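Protein chains in written order, with my numbering: chain E, -19 to 371; chain R, -19 to 371. Beta carbons are placed, not taken as given, at the ideal position from N, Cα and C, and that holds for glycine. Every value quoted in this text rests on a predicted model; they were computed, and no experiment measured them. First comes the structure, then the notes that go with it.
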């Protein structure tokens, strides 16, 4: 079953071509797996080998170029006609003498595009420096341009169907967070709470199952709360500690992250409770302020003004555009809720707003995933915003 | 707690420097997260932003350079002295005007290494084309060399402690496979079997917990068995179908993959049973043949000769070196069990040997993770090799 109508893919491609035209790009080599999925429907855990969706202004459909054994996966998951699915032989894989981008260059030459202006996603995760060097070597007459994030910016405004999947992910994320809170207890090993979280992420609801999120569950406690990207151990959680819960759920590669903080004990320190109150108030105010036409930086200002009253400040951005993605990140690397970001909010932009406030030896975080609506915003999950106590 | 003694890290660094000297490299910029972990101990889900371990022939310890907020994670997980942990400011992250590799170049200049021979991991997953361009721009006098897989080749022979973690992963992988077989049943949704698999991967055993494997569980059935990298859906498994189970467990980032095939019914087609018998025999023979001093290609030949007798052949490699890794791949991209690979087997090399035999509309796969011993080889998991029937 196609996850989207062919018409929706064609519309995405039209928007991409319009941006390509503006950027003076004739042919765009798309290696970011989320962008490949967005333009073709392709969904497989094959991005550990080089692959691409190639968009030409002259062609209605992109070409999918990937490893031969993944061509069947492309036939299953994309709307592309069979002629547009091209597999490279297996001896290109992890070879010391040739590279899959040599094959891609061959396809470009074969179509007479080798003197054109060719856009590359220069900072995408799965387009390597070597891939770039090989393309330059094989296509000396091409005019290479940076097409980084070009498709990602098309992705910023979601369709009705995309929003539907994100709402489903939001429903799962409520269950995921409740599972974590139910399972968390002093003496329980970190890995066992994480195991329960994963179980719920994948089993989803009785109506729809879950997909693997682009980031693993983060549930640091104690000292490790000051090191945000360390993963779990098999140590047991301890009493009288805080636990940050940075979790998410995913549906058909569309995410709904959700973060909360729990305290393992009856009497959280007063300074922690106060911090939680200020942070939740600031989150609420920022969410209430959102409306189409507002700029990203203005949303951040609402938050900043509020917490300044309590003598607090936060250096890093408070949110970012997200939706469709693959490991290692669910963020889209486009619009951010931060000073200087002039992106104008429009209906069906989707963000993860995450307020993490870190003091010397305590902290609190709370987040919501939401879409901008015609008159404001709507969160994907419905979950209390507060400091949770596990007693 | 340090996962390895400092002496072990220093030994890895000495071996790396020896290879650097052979390759004429003075300074090596290591961006592959597994290689960073191997040389410093660093373990965090932060590879979605550029980061590096920089090894210089002149310095005993590498420098860890990463995002400022991850410096605490580096202090927690590495053996490095504080001076060797360098965080870059947050405005380098996803900026349109500067790039973290500009910061890395600044550190190189600061140390007077800008005219040296600098090795880059040109085909590593998290070193982007843009990163390469920025280094070239900022270090015009450097002599850049390809240091791809240089550290990965040091990783090929594991230490006693590394083997210990892989044995623990093997123990978990037995539980993971048993969980999948217990849960698999016609009518059960794919996502629910995957959920149980994840649960077991992370909860591990009562003695030790599990870590996230570098590849998600693959459990295709029906038509999708011909598309090896498609992930799960929420469709129920059906009777009279085969299911491939490509699973794994991970301990402290060390993997033990394990693959089996199950048939959902009492009477598997005779051709499938026959294929299973031939494949398992070939796997057994290849494992029995292994001994130090043998070449990788010779192991493959044992397998190939055996299945040729049954009129079968297999195009792709039958195994590869693996161990420590991060998404998107647990393979090390170094030694492969395939024709032409002259790598000589030595004790404590570790491989995943995977025999996947795909006919028109049926297939069978079976795998083992193992280490080469003084006299042969030893698998990390102990699990029956056969076609499983779910009745």
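Is it buried or exposed for residue i, if we count other Cβ within 10 angstroms and need 16 for buried?
i	result
residue 29 of chain E	buried
residue 128 of chain R	buried
residue 219 of chain R	exposed
residue 302 of chain R	buried
residue 7 of chain E	buried
residue -8 of chain R	buried
residue 200 of chain R	buried
residue 169 of chain E	buried
residue 291 of chain R	exposed
residue 339 of chain E	exposed
residue -3 of chain E	buried
residue 151 of chain R	buried
residue 57 of chain R	buried
residue -6 of chain R	exposed
residue 312 of chain E	buried
Return the chain-ordered list of same chain residues with a C-beta closer than 7 Å to the C-beta of residue i, the five sequence neighbours on each side being excluded.
i	result
residue 192 of chain E	230
residue 362 of chain E	154
residue 314 of chain R	129, 132, 133, 136, 301
residue 228 of chain E	153, 193, 195, 235, 236, 237, 238, 310
residue 441 of chain R	No statement about residue 441 of chain R is possible, as the shown extent of chain R runs from -19 to 371 and does not include it.
residue 366 of chain E	256, 260
residue 188 of chain E	148, 231
One question on the structure: do residue i and residue j come within less than 7 Å of each other, judged by their Cβ atoms?
i	j	result
residue 243 of chain R	residue 369 of chain R	yes
residue 138 of chain R	residue 360 of chain R	no
residue 114 of chain E	residue 95 of chain E	no
residue 101 of chain R	residue 12 of chain R	yes
residue 298 of chain R	residue 283 of chain R	yes
residue 335 of chain R	residue 241 of chain R	no
residue 67 of chain E	residue 85 of chain E	no
residue 357 of chain E	residue 267 of chain E	yes
residue 234 of chain R	residue 149 of chain R	yes
residue 214 of chain E	residue 183 of chain R	no
residue 106 of chain R	residue 27 of chain R	yes
residue 246 of chain E	residue 371 of chain E	yes
residue 167 of chain E	residue 237 of chain E	no
residue 342 of chain R	residue 14 of chain R	no
residue 103 of chain E	residue 108 of chain R	yes
residue 54 of chain R	residue 45 of chain R	no
residue 265 of chain E	residue 232 of chain E	no
For residue i, which residues from the same chain have a beta carbon less than 8 Å from its beta carbon, with the 5 sequence-adjacent residues on both sides left out?
i	result
residue -18 of chain E	21, 59
residue 3 of chain E	99, 125, 127, 130
residue 70 of chain R	47, 48, 49
residue 308 of chain E	105, 194, 195
Got a sec? Which residues, its chain only, sit under 6 Å from residue i by beta carbon, not counting five neighbours each side?
i	result
residue 226 of chain R	198, 239
residue 123 of chain R	97
residue 344 of chain E	241, 255, 256, 259, 337
residue 141 of chain R	-16
residue 349 of chain R	236, 237, 332, 360
residue 72 of chain E	78, 80, 83
residue 9 of chain R	32, 34, 100
residue 323 of chain R	276, 315
* Using a beta-carbon distance cut-off of less than 9 Å, what residues from the segment 100 to 112 of chain E approach chain R? -> So the close ones are 100, 101, 102, 103, 104, 105, 106, 107, 108, 109, 110, 111, 112.
* To do: With 8 Å as the limit, tell me which residues of the segment 181 to 213 of chain R have their beta carbon closer than that to any beta carbon of chain E; keep them in chain order.
  => From the segment 181 to 213 of chain R, only 181, 182, 183, 184, 188, 189, 190, 191, 192, 195, 196, 198, 203, 204, 206, 207, 208, 209, 210, 211, 212, 213 have a Cβ closer than 8 Å to chain E.
* To do: Examine the Cβ distances between the segment 240 to 259 of chain R and the segment 317 to 331 of chain R and report whether three or more of them are shorter than 8 Å.
  => Because the criterion of three Cβ pairs below 8 Å is not met, the segment 240 to 259 of chain R and the segment 317 to 331 of chain R do not touch.
* Do the segment 208 to 217 of chain R and the segment 201 to 208 of chain E make contact, defined as three or more Cβ pairs closer than 8 Å? -> The way I'd put it, the segment 208 to 217 of chain R doesn't touch the segment 201 to 208 of chain E; fewer than three beta-carbon pairs between them come closer than 8 Å.
* Asked: Hey, is the segment 149 to 166 of chain R in contact with the segment 178 to 185 of chain R, meaning 3+ C-beta pairs nearer than 8 Å?
  -> Contact between the segment 149 to 166 of chain R and the segment 178 to 185 of chain R is present, because at least three Cβ pairs lie under 8 Å.
* Check each residue of the segment 159 to 179 of chain R: if its Cβ is closer than 8 Å to any Cβ of chain E, include it; give the result in chain order. => Per Cβ criterion, the list reads 169, 170, 171, 172, 174, 175, 176, 178, 179.
* To do: Evaluate contact between the segment 273 to 287 of chain E and the segment -18 to -7 of chain E, counting only Cβ atoms and requiring at least three cross-stretch pairs below 8 Å.
  => No, the segment 273 to 287 of chain E is not in contact with the segment -18 to -7 of chain E.
* Where the segment 40 to 64 of chain R meets chain E: residues whose CB sits under 9 Å from a CB there -> For the segment 40 to 64 of chain R, the set of positions with a beta-carbon nearer than 9 Å to some beta-carbon of chain E reads 47, 49, 50, 51, 52, 53, 54, 55, 56, 57 in chain order.
* **Cβ-based contacts, 7 Å cut-off: residues of the segment 299 to 323 of chain E near chain R** => Listed in sequence order: 307, 308, 309, 313.
* For the segment 4 to 27 of chain R, which residues have a beta carbon sitting closer than 8 Å to at least one beta carbon of chain E? -> Here the close residues are 23, 24, 25, 26, 27.
* Asked: In the segment 126 to 159 of chain R, which residues sit with their C-beta less than 8 Å from some C-beta in chain E, listed in chain order?
  -> Under the 8 Å Cβ criterion, the segment 126 to 159 of chain R contributes 126, 128.
* **Contact set between the segment 218 to 242 of chain R and chain E, restricted to residues whose Cβ is under 7 Å from the partner** => The segment 218 to 242 of chain R vs chain E, Cβ under 7 Å: nothing.
* Near-chain R residues of the segment 339 to 356 of chain E - C-beta to any C-beta below 9 Å -> Of all residues in the segment 339 to 356 of chain E, none has a Cβ within less than 9 Å of some Cβ in chain R.
* Listed from N- to C-terminal order along the chain, which residues in the segment 287 to 298 of chain R have their beta-carbon within a distance smaller than 7 Å of any beta-carbon of chain E? -> Residues passing the 7 Å Cβ filter: 295, 296.
* To do: Determine which residues of the segment 62 to 87 of chain E have a Cβ less than 8 Å from any Cβ of chain R, and write them out in chain order.
  => For chain R, the residues of the segment 62 to 87 of chain E that bring a beta carbon within less than 8 Å of one of its beta carbons are 70, 74, 79, in chain order.
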